[in-house]
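In this note's numbering, the protein residues as written are 153 to 748.
Below is one structure; the comments refer to it alone.
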């Protein structure tokens, strides 16, 4: 979930305690949507992270070092001019709104005292950062909004700053028991108290509404008509407990890993299954959650970018293969040319000089008539020689075209394996390996230029194949990209190890390290299921998986990464089971969290 008004209020309270009178030492803009302010208090340095990314909009203290582009963007340069080395004179927030105002005192070019106001508005896709002078005139905005986009609220230099429209909601601090009772009861049938709170109380999100209902000991999905006479007082008491969490020292920041996402709030979550991870401050909570989300967003963007590169080359190959198939089909007429030459030479006496067409009995086809087009300006014998020449040329063309077609199909299979590796990638390191492979194979240009930074040794650490222990105690190793597959098959496996691969489709190389022992049926089945699970057919059923001994697997000379041939195989049909890895007692690397 995004930061709600309650969390934002607690966060701003912490910022006010930490940053009041802090000196602004620097401003950095690592991306078009992100800012970092570096501030100094006696004996301590703080970094205030700000993002207006629609899916990651936030403001909080962070422990992460900011990237510092060589040339600061224009808005960053403006902030440096007006805010550095200013002092934070105040931190304000319209009650329970997700707007932060940073008041900064400094000095102008002539040494005069100045006051600037930096507004951070966290509103999804409308999030923004605006700098104004002390009279409320906009100096600039991180995202300019002209009048043709919003005629009620222009965010342009020299325009007056107008705050976002206030939400017409009830103030939770002043909501008494009687007004609360009316708000909950005087709603249409079927309405849920959790939704009523989220829709009517300032700062409350749907999660906050559900948490209030759960703290009252009720089902978060309970409807108004299902409330018992004593339930509304319980709801009000729970509501007051939540509001009181905004008082100094009362918050218990908590995050729960809910699988595809991480939920977080001011208090331990009752409506989200999972262990509660506690944090000493709301800022540390938000920093931890959004670092994970930002990493997940970067991972998905990189994955999508590389997939687009592969898809572009696949489309190119598909067009090339279509043309090559047409060329092969045309060249397959070589035998017809030879037949025409043979028939003309055998029946020269029956061909009239100057004829443009003749039908002769085809002794290769039971004497059926065979039509032959002739050049009337040439003798029958010359026509026969012309067909022999066409035969020789077509034969050579067929051999060359067939070889080219086979090479294109092989390249396409390789690119499909790269695409599957991208889909199976679980970490930035694995994406980096796929990108480096694409560069080595010529599908991406080499990194060059002054902006390129060589990879650090720590960043260059290779990812590892997945490893499990089967129910019978055998080690199963699974590669998820071509580098890992080559490592698993060509280096880790021994000749008497069992090797598995989904039949005829891109996927993992899987080995069962036998130690010279016979592989039990259960282990073979588990390894086959893993081979299907880590393949292009992972969402299919009844997937054929080939298995053979490693000694029957070979890598042809000059073959691309991950490409092998094998024989002496047998085939199992299995259905991928996404829960098998967990049942075997190990988990794949943690995937970056979704921001949804």
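Where a beta carbon is used, it is the ideal one built from N, C-alpha and C, also for glycine.
- Taking residue 322 as the centre and dropping the five residues before and after it, the same chain places the C-beta of 352 and 353 closer than 6 Å to its C-beta, in chain order.
- Burial state of residue 643 is exposed, judged by a 10 Å Cβ sphere holding fewer than 16 other Cβ atoms.
- The segment 629 to 661 is shown to contain whole alpha helix (DSSP H) runs of 4 or more residues at 634 to 638, in chain order.
- Counting only residues of its own chain and dropping the five nearest sequence neighbours on each side, residue 314 has a CB closer than 7 Å to the CB of 305.
- The beta carbon of residue 244 is closer than 6 Å to those of 253 in its chain, skipping five residues each way along the sequence.
- The residue from 555, 226, 494 and 635 with its alpha-carbon nearest to that of residue 537 is 494.
- Residue environment analysis places residue 651 among the buried positions, since at least 16 neighbouring C-beta atoms fall within 10 angstroms of its C-beta.
- A straight line joining the alpha-carbon of residue 335 with that of residue 348 spans about 8 Å.
- Between residue 225 and residue 181, the C-beta spacing is below 8 Å.
- For residue 535, the enclosing alpha helix (DSSP H) starts and ends at 532 to 576.
- Looking from the CA of residue 437, the closest CA among 718, 470, 160 and 716 belongs to 160.
- Between residue 392 and residue 337, the beta carbon gap of about 18 Å keeps them out of contact (Cβ cut-off 8 Å).
- Annotation: the continuous alpha helix (DSSP H) that includes residue 498 extends over 486 to 498.
- In this model, residue 721 and residue 649 are separated by some 13 Å (Cα to Cα).
- Within the model, the alpha-carbon separation for residue 662 versus residue 670 is close to 17 Å.
- Restricting attention to 416, 433, 409 and 417, the CA atom closest to the CA of residue 427 is found in 409.
- Under the three-state reduction of DSSP output, residue 250 falls in the coil class, being neither helix nor strand.
- Within the DSSP secondary-structure output, residue 620 pairs in a beta bridge with 628.
- The beta-carbon separation of residue 356 and residue 158, rounded to 7 Å, stays under the 8 Å limit for a contact.
- Ranking 703, 205, 186 and 179 by CA distance to the CA of residue 198 puts 179 first.
- Comparing C-alpha distances from residue 631 to each of 572, 521 and 560 shows the shortest one belongs to 572.
- Less than 8 Å divides the Cβ of residue 726 from the Cβ of residue 684.
- Between the alpha carbons of residue 689 and residue 735 lies a distance of about 21 Å.
- Membership of residue 352 in the alpha helix (DSSP H) is indicated by the continuous run 345 to 352.
- Excluding five sequence positions before and after residue 439, the CB atoms of its chain that fall closer than 6 Å to its own CB belong to 212 and 214, given in chain order.
- With a cut-off of 8 Å on Cβ pairs, the segment 467 to 476 is not in contact with the segment 525 to 536, counting fewer than three such pairs.
- In the three-state reduction of the DSSP assignment, residue 170 falls in the helix class.
- Residue 388: member of the alpha helix (DSSP H) spanning 383 to 396, first to last residue.
- In the three-state scheme derived from DSSP, where H, G and I count as helix and E and B as strand, residue 516 is classed as coil.
- Here residue 244 is bridged, per DSSP, to 253.
- When secondary structure is reduced to three states using DSSP, residue 289 falls in the strand class.
- With a beta-carbon spacing of about 4 Å, residue 654 and residue 687 fall inside the 8 Å limit used to define contacts.
- By the 16-neighbour rule on beta-carbons within 10 angstroms, residue 636 is buried.
- Secondary structure note for residue 360: its alpha helix (DSSP H) is the uninterrupted segment 358 to 367.
- Measuring C-alpha to C-alpha distances from residue 240 to each of 169, 223, 183 and 310 identifies 169 as the nearest.
- Here the segment 542 to 559 makes contact with the segment 471 to 483; the two share three or more CB pairs at distances below 8 Å.
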